[in-house]
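Residue numbers (this note's numbering), protein chains in the order written: chain A, 46 to 422; chain B, 46 to 422.
Where is the CB? At the ideal position from N, CA and C, for every residue including glycine.
Keep in mind that this is a model prediction, so the values were computed, not measured.
Written below as structure tokens is the structure these notes are about.
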């Protein structure tokens with residue numbers, strides 16, 4: 046094929062894999078950079094450059110091969126990405142947005158300045174100033190690393206002044222900030238897509254359920270009042286308009302006891318809170334992201350089923366991956382299983398996910414839960 | 046991954062490609078046999094054995110690699126497939142079913158014996174007996190080759206005794222039969238799936254529109270009366286139960302002026318009349334086929350949109366493939382484009398397809414038609 050275009054993805058894990066599966070039907074080639082030989086994306090037709098994600102040479106090679114570049118993870122060297130972008134291959138989201146989001150403190154400041162509701166936050170240079178902040182925040186807060194936090198790593202709850210020293214010890218050498226602890230009734234997320242021209246589209250909001258700080262379940266659409274839904278959607282829309290560059294962005298939010306929606310954080314990419322869009326929405330987050338970053342128009346975000354529940358298949362042991370119980374897991378006809386092709390399996394490693402749909406969330410949740418019980422990996 | 050299972054597909058064209066894209070998320074590996082290096086399936090993650098589909102050695106190699114075997118085309122050597130099956134790797138549909146369907150005359154006889162309505166048909170050994178048959182059929186009939194007919198090749202309309210000689214000349218050396226010409230108002234198709242245990246499930250019936258004997262458009266669900274729908278579904282169900290082996294089968298039918306549904310032919314595989322199931326149904330025909338042939342339970346066949354229209358992207362010139370106008374083709378957000386990765390493009394070669402969905406068939410059809418007009422390949 047003449048003029049066949051190539052999508053380059055930094056990272057070839059499950060997100061890169063599902064992006065690849067969405068890009069191929071549109072006629073794209075896909076190349077990924079990933080350090081693990083036989084990474085999940087490479088198993089589904091992506092060419093792989095085996096290299097560390099911080100390897101400037103590998104990223105330049107990726108840019109040479111690709112017409113459009115994107116990422117599946119934001120923990121990258123944005124300066125290298127800027128250099129790569131300078132060579133002419135468009136990167137979306139832009140290195141500027143990636144840089145902003147990498148620094149969680151800068152991200153919070155940016156959102157706050159733009160009038161987006163966030164929990165009160167403050168820089169904490171040392172244990173002494175952290176104590177003052179704890180007092181100002183009413184005696185309960187989180188200490189977080191500015192960089193590199195992921196799936197709950199990089200967060201500590203501070204309930205008393207005595208906890209502060211432990212946090213500074215654990216996060217020694219890292220830049221930290223504090224956030225007031227806001228009791229929340231649930232967590233919500235909204236996926237927003239931005240195309241090349243800046244047009245935006247929000248998916249219906251979902252509820253995310255976390256355990257051990259890992260997203261384990263997603264309920265779509267989120268069970269919520271009209272007022273909460275409107276708050277969350279309006280925030281999603283505002284945030285999407287603020288960000289630079291194209292792509293899908295996930296905005297994670299808290300619903301406080303007082304009924305207020307606060308932004309927790311943004312992921313500048315497809316996200317675990319959107320896996321159920323493959324079955325539940327007219328356009329999956331993966332196809333949407335590919336469309337957005339390659340200059341194609343966005344697809345409809347309409348739900349095509351009344352309700353869907355996604356459950357992550359997290360590893361429960363350490364060892365060689367072996368999928369068992371797939372037939373039993375699929376015994377309800379409204380259930381799908383996605384296996385990521387990772388080995389070994391590890392405790393809490395994201396090995397796959399299940400999506401079940403139904404007439405109600407209760408029905409979908411029951412189906413998804415039953416499927417998870419049948420499956421081992 | 047330990048115990049990872051492999052699907053082997055005889056043929057790696059667009060059907061093999063879409064089967065591959067459906068098999069990978071379930072955690073399967075895919076291997077195909079196809080004579081064209083870089084075949085469509087190999088571009089989306091299938092390992093390819095480059096060989097002719099009639100190459101016994103290649104098919105045996107495929108069987109050694111695969112846990113489950115299937116086909117994307119029925120024009121194969123069923124005897125080789127029987128030998129391969131004897132080695133222990135399950136082939137679905139079974140070689141017995143493939144054999145039956147390869148011989149269109151035997152297929153008709155089989156259906157007729159089982160009480161499935163078909164147009165009157167008769168063997169024609171020579172031009173002389175064909176004349177008698179033409180008279181018996183009221184002066185208009187089709188002469189068809191028993192074997193190898195595909196996309197209209199192998200069919201000739203006989204309107205007068207003088208046409209018979211030409212047909213026998215064109216099909217010299219081939220076994221022929223005749224079918225009474227039945228004027229029809231539309232063509233319908235129903236996809237049916239059979240699992241390992243023989244349980245069956247029918248997709249909602251669709252209308253297929255042919256030009257130059259090639260399926261060019263599919264309307265889902267078929268605009269039809271309740272009575273026609275019931276006839277077609279009941280036929281689909283009966284045929285599925287008659288056939289041997291698992292998989293998706295497509296049953297193509299005529300609706301006569303008199304309101305009767307007649308079976309035209311069966312395809313023992315995923316089919317062009319089911320491409321829109323990717324977007325329009327809870328489980329695509331491709332995932333359904335993979336589930337069926339690998340012993341997994343069938344997924345729901347429910348429509349998830351009110352209406353969908355599929356239009357084939359047929360080549361309009363001969364030359365190197367070059368996709369143009371993709372962004373314009375996708376400008377309506379309820380439109381999808383699937384490119385098969387074939388080159389060169391040829392007049393009437395199936396290069397891809399478009400599916401548009403809508404609140405009504407009229408809306409979906411308008412969207413699909415507009416998208417096709419924007420795209421060149």
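Outcome for residue i when other beta-carbon atoms lying within 10 angstroms are tallied against a minimum of 16
{"i": "residue 181/A", "result": "exposed"}
{"i": "residue 318/B", "result": "buried"}
{"i": "residue 152/A", "result": "buried"}
{"i": "residue 171/A", "result": "exposed"}
{"i": "residue 31/A", "result": "No answer is possible for residue 31/A: the residues shown for chain A start at 46 and end at 422."}
{"i": "residue 395/B", "result": "buried"}
{"i": "residue 210/A", "result": "exposed"}
{"i": "residue 160/A", "result": "exposed"}
{"i": "residue 255/A", "result": "exposed"}
{"i": "residue 215/A", "result": "exposed"}
{"i": "residue 303/B", "result": "exposed"}
{"i": "residue 336/A", "result": "buried"}
Three-way DSSP call (helix, strand, coil) for residue i in this model
{"i": "residue 337/B", "result": "helix"}
{"i": "residue 209/B", "result": "helix"}
{"i": "residue 299/A", "result": "strand"}
{"i": "residue 305/B", "result": "coil"}
{"i": "residue 262/B", "result": "strand"}
{"i": "residue 359/B", "result": "strand"}
{"i": "residue 319/A", "result": "helix"}
{"i": "residue 87/A", "result": "helix"}
{"i": "residue 392/B", "result": "coil"}
{"i": "residue 68/B", "result": "helix"}
{"i": "residue 271/A", "result": "helix"}
{"i": "residue 425/A", "result": "Since the displayed chain A opens at 46 and closes at 422, residue 425/A lies outside it and no answer follows."}
{"i": "residue 282/B", "result": "helix"}
{"i": "residue 33/A", "result": "Residue coverage of chain A in this structure runs from 46 to 422, which leaves residue 33/A outside it and unanswerable."}
{"i": "residue 46/A", "result": "coil"}
{"i": "residue 236/B", "result": "strand"}
{"i": "residue 73/B", "result": "coil"}
{"i": "residue 214/B", "result": "helix"}
Closer than 8 Å to chain A by CB, residue i
{"i": "residue 421/B", "result": "no"}
{"i": "residue 367/B", "result": "yes"}
{"i": "residue 60/B", "result": "no"}
{"i": "residue 239/B", "result": "no"}
{"i": "residue 337/B", "result": "no"}
{"i": "residue 379/B", "result": "yes"}
{"i": "residue 88/B", "result": "yes"}
{"i": "residue 56/B", "result": "no"}
{"i": "residue 72/B", "result": "yes"}
{"i": "residue 349/B", "result": "yes"}
{"i": "residue 327/B", "result": "yes"}
{"i": "residue 104/B", "result": "no"}
{"i": "residue 406/B", "result": "no"}
{"i": "residue 25/B", "result": "Absent from the structure is residue 25/B, since the part of chain B shown begins at 46 and ends at 422."}
Rounded Cβ spacing between residue i and residue j (contact assumed at less than 8 Å)
{"i": "residue 390/B", "j": "residue 364/B", "result": "6 Å"}
{"i": "residue 411/A", "j": "residue 392/A", "result": "Not a contact, Cβ separation roughly 26 Å."}
{"i": "residue 282/A", "j": "residue 315/A", "result": "Actually they are not in contact, since the Cβ atoms of residue 282/A and residue 315/A sit about 19 Å apart, beyond 8 Å."}
{"i": "residue 251/A", "j": "residue 349/B", "result": "Contact flag wrong, Cβ pair sits at about 18 Å."}
{"i": "residue 53/B", "j": "residue 113/B", "result": "7 Å"}
{"i": "residue 246/B", "j": "residue 343/B", "result": "5 Å"}
{"i": "residue 130/A", "j": "residue 140/A", "result": "6 Å"}
{"i": "residue 413/A", "j": "residue 354/A", "result": "4 Å"}
{"i": "residue 357/B", "j": "residue 260/B", "result": "7 Å"}
{"i": "residue 229/A", "j": "residue 340/A", "result": "With 8 Å as the limit, residue 229/A and residue 340/A do not qualify as a contact, their Cβ atoms being about 38 Å apart."}
{"i": "residue 189/B", "j": "residue 149/B", "result": "6 Å"}
Short CB-CB distance (under 8 Å) between residue i and chain B
{"i": "residue 47/A", "result": "yes"}
{"i": "residue 342/A", "result": "yes"}
{"i": "residue 371/A", "result": "yes"}
{"i": "residue 384/A", "result": "yes"}
{"i": "residue 392/A", "result": "no"}
{"i": "residue 82/A", "result": "no"}
{"i": "residue 132/A", "result": "no"}
{"i": "residue 18/A", "result": "Lying outside 46 to 422, the shown extent of chain A, residue 18/A is not represented and no answer is given."}
{"i": "residue 279/A", "result": "no"}
Legend entry - In chain order, each beta strand (DSSP E) run of at least 3 residues that lies wholly inside the stretch 80-145 of chain B: Taken in chain order, the complete beta strand (DSSP E) segments of 3 residues or longer contained in the stretch 80-145 of chain B are 92-95 and 113-116.
Inset, instruction - Let me know the alpha helix (DSSP H) ranges lying completely inside the stretch 150-201 of chain A, each 4 residues or longer, listed in chain order. - result: 172-181
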